[in-house]
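Asker: The following block contains the structure, expressed as C-alpha cells.
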Amino acid sequence: MEEQQDVRQDQEVLPKLDIPDTAPRELSTGTAIFDVQNTSIYYSAFRAVTDVSLTVYENEITAFIGPSGCGKTTVLRSLNRMNDLIVGARVEGDIRYRGVPLYGSNVSPTAVRRRIGMVFQKANPFPKSIYDNIAYGPRINGIRNKARLDEIVERSLKAAALWDEVKDRLNKSGLGLSGGQAQRLCIARTLAVEPDVVLMDEPCSALDPIATGRIEDLMQEIKSRYTIVIVTHNMQQATRVSDRTAFYSVLRDEKSDTRTGVLVEYGSTAQIFGDPQDSRTQAYVTGRMG
Amino acid sequence: MAAASDSLAQSVDLREPSGWRRSKNQIMTVLMWLAFVIVLIPLGFVLVTLVAKGADAISWQFLTNSTIPPNVLPLGVGGMGAAVVGTLEITGFATLLAVPLGVLGAVYLNEYGGNGILARLISFMSSVMTGVPSIVMGLFIYIIWVAHFGYSGMAGSFALACLMLPIVIRSSYEMLRLVPDSLRQGSYALGATKARVTLTVVLPAALSGIVSGALLAVARAAGETAPLIFTVLTVEQTNPNLFSGPDTSLPLQIFSNAQSAYTGANARAWGAALTLVAITFILMIVARIITALFTRNTR
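Protein chains in written order, with my numbering: chain A, 1 to 290; chain B, 1001 to 1299.
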C-alpha cells in the first residue's frame, strides 16, 4: 500500500500532462461559452492551480471533480471573477467568455457576474424576506416595477421548484427555510437575473439525498436555457447530471512541500468514467484514490 | 411519584457520575445567581431611591414650565421644562452628528480600509478617543469653538458628539464584523457593486446591533454633565435656539440644584434625575420597537 502511494507521487512530481483532445468523443460541440487556455491561478506567491485548458459548451452541464485541494473551486471562481474578492489572487493565462477575454482591462467584474451567476456550497439566503431575496438581483439591475418584480419572483421560484412550498409566505424571512429549500432559494435568486451561465460550487454537499435529487432534477430542467458548471465531490452526482467532466488532481512539490492543482483529463462524462486515459483519473473514478 | 423515581435511581443511575462533580455544579450555579443579584443591587437601589425621592416632583407643570425658579422657592413653583427641552435638543443634535459619522467610519474600517495605514490609524485614534475624560472634551470645544462664537447648545452637542463618536465606531465595527462573508459573496455573485453590497446586505444585516450601540452612546451622552459646563453654561429660561446663547440641560440642573441648601432645589434635582432616566428609558424602548419593525426578516 505504502509503495503504491510512492509510485503515484512520483507520477505527480513528473506529470505527464497529456491532456486528451478536448473535443469529446461522443458529444457534438455547440457554441463555446468558456475557453480556458494554459491558465494558472495564484494566491499571492502560492500557485494554487496550473496549466488548465478546457472548453465549456453552451447548454451543457460540465462537472469538475477531483480530490480536495486540487483547485477545482479556484478554477470555478475564476470563471466569474469571484476570485477578485480575495486579496492577492491573480490569474495568468487566457480565459475567454464567448470569445471575450474575461480578464481584459476594460472588463467590469460586476458586469461579468450579472451574466455568470454562482450558487455556493453553503446556502446563503440574505436576511430578508423570500420575496426580497429573489427581487434583489433584478432590483440591482434597475427593475422597480412591482408587477414586473412579482412576475420575476414567481417565475424564478417556479424554475427552482420552490414556488408551491413558499407561495403563501413570500413575506416571511428567507432564513426560516430548510437546508434544501434555502439552496433552491439561492438557485432561484441566481436565475432571477437571467444569467447566461450558472456556476455551482458543491451545491448539494450539505443536503440529504432527497434534496440533492430535487436539485439534480432542477439542473436537468434548466439546462436547455442555461450553461452550468458544477464542482462536486460526489462522483455519482457527476455521472448523473453532467455531460462533460474535468478531472483535477494535486501535484506535490517535494522540496517546498507545496501543492498545486492540475487539470488531468477532460472529456465527455461517459469517457472519463468509462474509459479514462490517465492512470490518475482511472484510480480516482474507480475509488482507489481520493 | 417519589417512589417511582427512587426505584428508577436504583435500576439505572443517570445522574452526574461523581458526587463532587454534582456538588461543583451546584456551587457554581449558586455563585452565578449570587453574582447576578449583586449586580442588580445597585441598579435596584438607584431606581428605588430615584422614584421614592423624585416621584413627588413630577407633574405636567414640572416637565413643561419654562422657568426654573431660584433655589429658595419651593417645588410648586416653576419647572424643569427648560432643561428637558435643552437635553432633547443638545443630545438630539449630538446624535445627528455622531451616529452617521461613526457608522460611516465603521463601514470604512470593516469594508473598505482593509489593513491599510489609514484604517489602522483611525482604529487606533478612536480607541484613544474612548479614553479621553469627558471634561477634557468640554475644554477642547471651549477652546476651539466657545472662545470664538460664545456659549450655545450646539457647542454642547459638539462636545457630546466627540464622546459618542468612538463608542459608535467601535460598536458598529464589531457588528459589521459579525456579518458573514457568505452574504457579501452572494450579493457580489449577482453583480452588485461594493457600495450596493454594503448598503443593501451588510448594513441591514447589522442594523439591530448598530442601533444598540448608538443607543448606548446616546444614553451615555444624555447623562453627561462635565462636557456641558464649559460649553452651554446654565440658564434658567428655555432657550429654543440651539445655535446661539447659553442653554441648560437636565444633568446641569441636577448638578446645580443638588448643591443647593434649599429643600425645594433638592427636590427639583431628584425630579430632574428621574425625568432624565425616564427619557432615556423611553428612547430605548421606542428605538427597539422601530428596529424590530425594520429587521423582522433578519432572523
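Using N, Cα and C, we set each Cβ at its ideal position, and we do this for glycine too.
Along the alpha helix (DSSP H) that carries A:Y136, what are the first and last residues, could you check?
Answerer: Note, A:Y136: alpha helix (DSSP H), 130-140.
Asker: Are any of the Cβ atoms in chain B nearer than 9 Å to that of A:S173?
Answerer: Yes, its Cβ sits closer than 9 Å to a Cβ of chain B.
Asker: Relative to chain A, which residues along the segment 1267-1292 of chain B have a C-beta separation below 8 Å, given in chain order?
Answerer: The segment 1267-1292 of chain B vs chain A, Cβ under 8 Å: nothing.
Asker: Note down, in chain order, all residues in the segment 1170-1196 of chain B with a beta-carbon under 7 Å from any beta-carbon belonging to chain A.
Answerer: Those residues of the segment 1170-1196 of chain B that come within reach of chain A (Cβ to Cβ, closer than 7 Å) are S1182, L1183, Q1185, G1186, Y1188, A1189, L1190, G1191, A1192, T1193, R1196.
Asker: So is B:L1014 buried or exposed if we call it buried at 16+ other beta carbons inside 10 Å?
Answerer: So B:L1014 ends up on the exposed side.
Asker: Taking 9 Å as the CB-CB limit, is A:N234 close to chain B?
Answerer: No, A:N234 lies away from the interface with chain B (no Cβ there is under 9 Å from its Cβ).
Asker: What would DSSP say about A:F34, mapped onto helix, strand or coil?
Answerer: Reduced to three states, the DSSP call for A:F34 is strand.
Asker: In angstroms with no decimal places, state the Cα-to-Cα distance between B:F1294 and A:R113.
Answerer: Roughly 29 Å separates the two Cα atoms.
Asker: Is the separation between the beta-carbon of A:S40 and that of A:V91 shorter than 9 Å?
Answerer: A contact, by the Cβ cut-off of 9 Å.
Asker: Which complete beta strand (DSSP E) runs does the segment 165-246 of chain A hold, if anything under 3 residues is left out?
Answerer: List check, beta strand (DSSP E) in window: 197-201, 227-231.
Asker: Considering just the uninterrupted stretch of the beta strand (DSSP E) at A:I152, what are its terminal residues?
Answerer: It is not in any beta strand (DSSP E) - A:I152 instead sits in the alpha helix (DSSP H) that spans 146-159.
Asker: Closer than 8 Å to a non-hydrogen atom of the ligand GDP - does that hold for the CB of B:I1254?
Answerer: This structure lacks the ligand GDP, and indeed carries no ligand of any kind.
Asker: Report the residue from A:Y248, A:L175, A:V36, A:Y57 whose alpha carbon sits nearest the alpha carbon of A:F126.
Answerer: Cα-wise, what sits closest to A:F126 is A:L175.
Asker: What are the uninterrupted segments assigned as alpha helix (DSSP H) that are 4 or more residues long and contained completely in the segment 1088-1162 of chain B, given in chain order?
Answerer: The qualifying runs are 1117-1130, 1134-1141.
Asker: B:A1205 versus chain A: which residues are under 8 Å apart at the beta carbon?
Answerer: Those within 8 Å of B:A1205 in chain A are F126, P127.
Asker: I'd like to confirm the pairing. Which residues does DSSP put opposite A:A89 in its beta bridges?
Answerer: Answer by DSSP bridge pairing, in chain order: A:Y43.
Asker: Indicate the three-state DSSP secondary structure (helix, strand or coil) for A:I116 in the structure shown.
Answerer: DSSP places A:I116 in strand when its eight states are reduced to three.
Asker: Please list, in chain order, the residues of the segment 140-155 of chain A that have any C-beta partner in chain B closer than 9 Å.
Answerer: Cβ contacts with chain B come from I140, N141.
Asker: What is the DSSP secondary structure of B:P1204, reduced to helix, strand or coil?
Answerer: In the structure shown, B:P1204 sits in a helix (DSSP, three-state: H, G or I).
Asker: B:P1180: which of B:E1111, B:K1024, B:I1027 sits nearest, CA to CA?
Answerer: Here the closest residue by C-alpha is B:E1111.
Asker: For A:V262, which residues in the same chain have their Cβ closer than 8 Å to its Cβ, ignoring the five residues on either side in sequence?
Answerer: P15, L17, V49, T50, D51, V52, C70, G71, Y248, S249, V250, L251, listed in sequence order.
Asker: When the Cα of B:A1226 is compared with those of B:G1150, B:T1248, B:A1214, which residue comes out closest?
Answerer: It is B:T1248.
Asker: In terms of residues, what are the limits of the beta strand (DSSP E) holding A:G69?
Answerer: That residue, A:G69, is in no beta strand (DSSP E); it is neither H nor E in DSSP.
Asker: Using DSSP's beta-bridge definition, name the partner residues of A:Y266.
Answerer: A:Y266 is bridged to A:A246.
Asker: What residues in its chain sit with their C-beta under 8 Å from that of B:A1219, if we drop five residues either side in the sequence?
Answerer: Closer than 8 Å at Cβ, skipping near neighbours: T1280, L1283, M1284.
Asker: State yes or no: is the beta carbon of A:G117 nearer than 9 Å to at least one beta carbon in chain B?
Answerer: So yes, A:G117 belongs to the interface.
Asker: Per DSSP, which residues does B:Q1237 bridge with? Please list them.
Answerer: Its beta-bridge partners are B:T1067.
Asker: Check distances from the C-beta atoms of the segment 241-275 of chain A to those of chain B and list, in chain order, the residues that come in under 7 Å.
Answerer: So the list is empty, because no residue satisfies the distance condition.
Asker: For A:Q271 and A:V241, which I take to be in contact (beta-carbon distance under 8 Å), what is that distance rounded to the nearest angstrom?
Answerer: Not a contact, Cβ separation roughly 16 Å.
Asker: Mapping DSSP to helix, strand and coil, what is A:E60?
Answerer: In this structure, A:E60 counts as coil in the three-state DSSP scheme.
Asker: Once you ignore the five residues that flank B:T1087 on each side, which residues in its own chain have a CB closer than 8 Å to its CB?
Answerer: Excluding sequence neighbours, B:T1087 sits near A1222, S1249, L1250, P1251, L1276, I1279.
Asker: Whole angstroms is fine: what's the gap from A:K122's alpha carbon to A:L207's?
Answerer: Using only the alpha carbons, I get a separation of about 9 Å.
Asker: At a Cβ threshold of 9 Å, is B:R1120 touching chain E?
Answerer: The structure shown contains no chain E; the protein chains it does contain are A and B.
Asker: Anyone know if the C-beta pair for B:A1214 and B:T1095 falls short of 9 Å?
Answerer: Cβ atoms of B:A1214 and B:T1095: closer than 9 Å.
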